[in-house]
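Enquirer: Quick mapping for you: the protein sequence lines, in order, are chains A and B.
The first sequence begins at 6 in my numbering and counts up one residue at a time.
The second sequence begins at 71 in my numbering and counts up one residue at a time.
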Amino acid sequence: SQQGEEDPQALSIQEGENATMNCSYKTSINNLQWYRQNSGRGLVHLILIRSNEREKHSGRLRVTLDTSKKSSSLLITASRAADTASYFCATDDYNDYKLSFGAGTTVTVRA
Amino acid sequence: DGGITQSPKYLFRKEGQNVTLSCEQNLNHDAMYWYRQDPGQGLRLIYYSQIVNDFQKGDIAEGYSVSREKKESFPLTVTSAQKNPTAFYLCASMPGGSYNEQFFGPGTRLTVL
Chain A
6 SQQGEEDPQA
16 LSIQEGENAT
26 MNCSYKTSIN
36 NLQWYRQNSG
46 RGLVHLILIR
56 SNEREKHSGR
66 LRVTLDTSKK
76 SSSLLITASR
86 AADTASYFCA
96 TDDYNDYKLS
106 FGAGTTVTVR
116 A
Chain B
71 DGGITQSPKY
81 LFRKEGQNVT
91 LSCEQNLNHD
101 AMYWYRQDPG
111 QGLRLIYYSQ
121 IVNDFQKGDI
131 AEGYSVSREK
141 KESFPLTVTS
151 AQKNPTAFYL
161 CASMPGGSYN
171 EQFFGPGTRL
181 TVL
C-alpha cells in the first residue's frame, strides 16, 4: 500500500530557481527517504532522514521532517537542467525492511 | 564495479506465456526487492527477500513468483496468471541488519503483445 503522497504532482521551474515538493504519510515511521528517477531509469537515493531528525542537508538538497504533521519537504536550490526528473519519498516502519513509495513529483527545469 | 544489474532491458511476451526477469547484485547485500511501476505512478512492492532461501509477498504478489537460491540473485517470474503484466519492473538491494538506502537496478520494461 502507498503510504506517502507527494505534492505537487508536477512542477515546472526556470533554471536557477528553487524547487520545493512535499510528502505526507499516514502512519508512524522509522525513516523517510527521498529518491530521484530520470525517465526510464532506476531510482537513485538522495537522502535519508531519521524520525528523530528535523532537518538534513546534502549539497543543494535540504530535507525537513515534521513527525507531528506526518510530513516532509524536499528543497532543491539553484536548480539545473540535470535536476529534471521524478522525485519520490519513501517511508519505512519499525517492523520490517520494506519501503512504501509515493506517486512522485515530476520536476521540469527549463533552460 | 559493484552494482545491481537487470536483464533484459526490454522484453516482449505473448499473452499466456511465463517470462523470467533477471536481477543480480555483487554488493554482498542480504535483502533484495522487486517493484512494479506503472506510468505516472510510484513503486509497488511485489516480493522481497531478507535472506537466502526465504522471501515474502509484497502488496501485489498475485501472478508473480520468485526464488532466492543465491545471495546475489533474485529472479522474478511473471506468470500467465498476472492479468495486466505490461509495466516497468525494478529490482533493488539493501545491506541487511539495519535500515539503509536501497540500491536500484536500471529496470526491465515488459510489454505483453
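Quick reminder that beta carbons are idealized off the backbone N, C-alpha and C, glycines included.
#1: Can you say whether Val-49 of chain A is buried or exposed, counting buried as having 16 or more other CB atoms within 10 angstroms of its CB?
#2: Excluding sequence positions up to five away, which residues of its chain have a Cβ less than 6 Å from the Cβ of Val-122 of chain B?
#3: Going by other Cβ atoms of all chains shown within 10 Å of its Cβ, with 16 needed for buried, is Gly-73 of chain B buried or exposed?
#4: Return the CA-CA distance between Ser-33 of chain A and Lys-84 of chain B, expressed in angstroms with no decimal places.
#5: So Gly-85 of chain A packs on Glu-20 of chain A, CB below 8 Å; how close in whole Å?
#6: The beta strand (DSSP E) spanning Phe-125 of chain B covers which residue range?
#7: Output needed for Gln-87 of chain B: all residues of its chain with C-beta closer than 7 Å, excluding positions within five of it in sequence on either side, in chain order.
#8: Quick check: is the beta carbon of Ala-151 of chain B nearer than 8 Å to any beta carbon in chain A?
#9: Does the beta carbon of Pro-176 of chain B sit closer than 8 Å to a beta carbon anywhere in chain A?
#10: Out of A:Ser-105, A:Met-26, A:Cys-94, which has the shortest C-alpha to C-alpha gap to Asp-129 of chain B?
#11: Have a look at Tyr-30 of chain A and Pro-145 of chain B and give me their C-alpha separation to the nearest angstrom.
#12: Leaving out five residues on either side along the sequence, give the residues of the same chain with a beta carbon under 6 Å from the beta carbon of Asp-108 of chain B.
#13: Taking CB distances under 8 Å as the criterion, tell me whether Arg-67 of chain A reaches chain B.
#14: Note down, in chain order, each residue of its chain lying with its Cβ closer than 7 Å to the Cβ of Glu-22 of chain A, except the 5 sequence neighbours on either side.
#15: Please confirm if Leu-146 of chain B has its CB atom under 8 Å from at least one CB of chain A.
#16: Against chain A, with Cβ distances strictly below 8 Å, would Glu-132 of chain B count as a contact?
#17: Check whether the Cβ atoms of Ser-77 of chain A and Ile-54 of chain A sit closer than 8 Å, and answer yes or no.
#18: Going along chain B, which residues have a C-beta under 9 Å from Tyr-92 of chain A?
#19: Can you list the residues of chain A that Ala-214 of chain B reaches, using a CB-CB cut of under 7 Å?
#20: Might you give, ordered along the chain, the residues of its own chain that have their beta carbon closer than 8 Å to the beta carbon of Glu-58 of chain A, omitting 5 neighbours on each side?
Expert: For this structure:
#1: When all chains shown are included, Val-49 of chain A counts as exposed.
#2: Arg-138, Lys-141, listed in sequence order.
#3: Gly-73 of chain B should be labelled exposed.
#4: Roughly 43 Å separates the two Cα atoms.
#5: Inspection of the sequence shows that residue 85 of chain A is occupied by Arg rather than by Gly. A Cβ-Cβ separation of about 6 Å places Arg-85 of chain A in contact with Glu-20 of chain A under the 8 Å criterion.
#6: Residues 124-127.
#7: Cβ neighbours of Gln-87 of chain B beyond the five flanking positions: Ser-150.
#8: No, its Cβ sits nowhere closer than 8 Å to a Cβ of chain A.
#9: At a cut-off of 8 Å, the C-beta of Pro-176 of chain B has a neighbouring C-beta in chain A.
#10: The shortest C-alpha separation from Asp-129 of chain B is found at A:Ser-105.
#11: Per the coordinates, the alpha-carbon of Tyr-30 of chain A lies some 31 Å from the alpha-carbon of Pro-145 of chain B.
#12: Excluding sequence positions up to five before and after Asp-108 of chain B, its CB lies within less than 6 Å of the CB of Ala-157, all in the same chain and listed in chain order.
#13: Chain B contact via Cβ: absent.
#14: Counting only residues of its own chain and dropping the five nearest sequence neighbours on each side, Glu-22 of chain A has a CB closer than 7 Å to the CB of Ser-84.
#15: No - not a single Cβ of chain A is within 8 Å of the one on Leu-146 of chain B.
#16: Not an interface residue.
#17: With respect to Ile-54 of chain A, Ser-77 of chain A sits close: the two C-beta atoms are nearer than 8 Å.
#18: Contacts between Tyr-92 of chain A and chain B, judged by CB atoms closer than 9 Å, are missing: the closest CB pair is about 11 Å apart.
#19: Since the first residue of chain B shown is 71 and the last is 183, residue 214 of chain B is not available in this structure.
#20: Result list for Glu-58 of chain A: Leu-70, in chain order.
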